[in-house]
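Reading through the structure tokens given below for one structure.
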Amino acid sequence: MAKSTKTIADLVRAWKADNIAHVQFELPDMHGVSRSKLVPISHVESYAAKGLNMYGGTVVLDTASSVVGNTLYNEEVNYADQYLKPDLNTAIIVPWLDRTARLICEGYWEDGAPQKAAPRWVLRQLLSKADALGFDVKLGLEYEFYVLSPDTSEPYFGGLHIFNTLRNRYIPLIDQIMDEMPKAGIDLITANSEYAPSQFEINFAPSIGIEAADQAFTFKNGVKTIAHQMGQNATFMTKPFSDTAASGCHVHIGLINKETGENIFLDNSDSDGLSSLARQFIQGMMDHTPASMALLAPTINCYSRFKPHTFAPSNVSWGPQDRSAAVRAKNSRDDNTHLENRLGAGLANPYLAIAAVLATGLLGIEKGMEAKTPKAQSGPAEENSNYKKLPATIEESLDALEK
1 MAKSTKTIAD LVRAWKADNI AHVQFELPDM HGVSRSKLVP ISHVESYAAK
51 GLNMYGGTVV LDTASSVVGN TLYNEEVNYA DQYLKPDLNT AIIVPWLDRT
101 ARLICEGYWE DGAPQKAAPR WVLRQLLSKA DALGFDVKLG LEYEFYVLSP
151 DTSEPYFGGL HIFNTLRNRY IPLIDQIMDE MPKAGIDLIT ANSEYAPSQF
201 EINFAPSIGI EAADQAFTFK NGVKTIAHQM GQNATFMTKP FSDTAASGCH
251 VHIGLINKET GENIFLDNSD SDGLSSLARQ FIQGMMDHTP ASMALLAPTI
301 NCYSRFKPHT FAPSNVSWGP QDRSAAVRAK NSRDDNTHLE NRLGAGLANP
351 YLAIAAVLAT GLLGIEKGME AKTPKAQSGP AEENSNYKKL PATIEESLDA
401 LEK
């Protein structure tokens, strides 16, 4: 983890001055759910130094907190304790909780070895790989979610009202989210109603490396908490209703030359304004799309999203500014040029979604992959029968991942 310029003593001193009483030591689990312990401020320094003990099977819990057996991961020692060690760069005062601060942690075993299956650790290894290749990774995630009545589990309004000004702020929860998230260090840039009843999209500004995933983790868990406080349910479930639009999590990614600050994906001498490295990155994503979907679309429910004419991808394709393609090249011919992987489902763990996109793209660059998947150019990609279809089930994606 990157070294913070502040020490835990500095943070505790500042928190005490702000009348903070508790600190949440949070651990992202395999689903992107926050698992945590609440620590009184008087014990924070001690636990930060030695590690906070927690059940060591958090990576094998399902979303109902049932233990998934036969994983061969710490099961043989009955899930011995892990020790949570905080990344001090993630310290925030949580604006939607009373007198509470937060630290995102990673788990380590008693001998000091990291939990190598933990999503945040996995992503950090890939970011280190990009760093070794000379790249900073610029990332932005784009989330959709539904707001539902806790009494009926139904939307608060019907119809398709995408971008409708009245519906954008029809539910006070949206204003509350827009007010609270910047206080947690999340730079929100847009919010709007989406293409389904009581569905919304909120986007935040891009950031570099692990910070982007940490912000997405904070955002998703924060939205659900704020909604609960306001007597509502916010769900990132990919397809909560069979007859309405699904919720996605698009991963926007760019590579920046660490030495020069130049956009690696930009080449204005190219017909599409894309560099050869951008095309290699695209081909890496194309070649490994079925496998990456096990992380980008991690539940049975997610696969009902991938249908033609739904603004979601249905085949292994890419194209400049093509909303129906699996990967859309946002080829603006300036420093904003980047790639948008549109396969991510609302339920995707942000750490693993980014890891899937980055791992496959870097493979394309490392292997110098020939850009053999043609871009969509004569109509939307979803209309082109020459592209391979996406996996139809999670089982197909898992089979591809295991190969």
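For the sequence shown, this note's numbering gives the first residue as 1, with consecutive numbering after it. Even for Gly, the Cβ is constructed at its ideal location relative to N, Cα and C.
- If you look at residue 35, you'll find it in the beta strand (DSSP E) that goes 34 to 40.
- Distance between residue 309 and residue 382, taken at the CA atoms: about 8 Å.
- Closest in alpha carbon position to residue 108, among 102, 117, 145 and 101, is 117.
- Per DSSP, residue 320 lies in no alpha helix (DSSP H); the unbroken beta strand (DSSP E) holding it starts and ends at 318 to 320.
- Here the alpha carbon of residue 80 sits roughly 7 Å from the alpha carbon of residue 74.
- The Cβ neighbour count for residue 348, taken over all protein chains shown within 10 Å, is at least 16; the residue is labelled buried.
- Shown here for residue 205: same chain residues with a beta carbon closer than 6 Å to its own, the five before and five after excluded, namely 187 and 189 in chain order.
- Using a C-beta cut-off of 8 Å, the region 250 to 259 makes no contact with the region 300 to 309, since fewer than three inter-stretch Cβ pairs fall below that distance.
- The alpha helix (DSSP H) runs of length 4 or more contained entirely in the region 17 to 98 are, from start to end of the chain, 44 to 50.
- A distance below 7 Å separates the beta carbons of residue 248 and residue 346.
- Within the DSSP bridge table, the entry for residue 144 names 201 as partners.
- Between residue 119 and residue 103, the gap from beta carbon to beta carbon reaches 7 Å or more.
- Secondary structure within the region 347 to 375: the alpha helix (DSSP H) runs of 4 or more consecutive residues, fully enclosed, are 350 to 366 (chain order).
- The three-state reading of DSSP puts residue 138 in strand, counting E and B together.
- A distance below 6 Å between beta-carbons, with the five flanking residues on each side excluded, links residue 146 to the following residues of its chain, in chain order: 198, 199, 235 and 240.
- Of all C-beta pairs linking the region 91 to 99 to the region 137 to 144, fewer than three are shorter than 8 Å, placing the two stretches out of contact.
- A residue is called buried once 16 or more other Cβ atoms fall within 10 Å of its Cβ, and residue 57 is buried on that count.
- Bridge pairing for residue 256: 136 and 263 [DSSP].
- The alpha-carbon separation between residue 267 and residue 208 amounts to approximately 21 Å.
- Looking at the DSSP output, residue 155 shares a beta bridge with 148.
- Assignment of residue 385 by DSSP, reduced to helix, strand and coil, places it in the coil class.
- Scanning 363, 125, 71 and 211 for the CA closest to the CA of residue 4 turns up 211.
- A Cβ-Cβ contact shorter than 7 Å links residue 180 with residue 96.
- For residue 188, the enclosing beta strand (DSSP E) begins and ends at 188 to 193.
- As a beta-bridge residue in DSSP terms, residue 250 pairs with 142.
- In this structure, DSSP gives residue 330 an extended state, which the three-state scheme calls strand.
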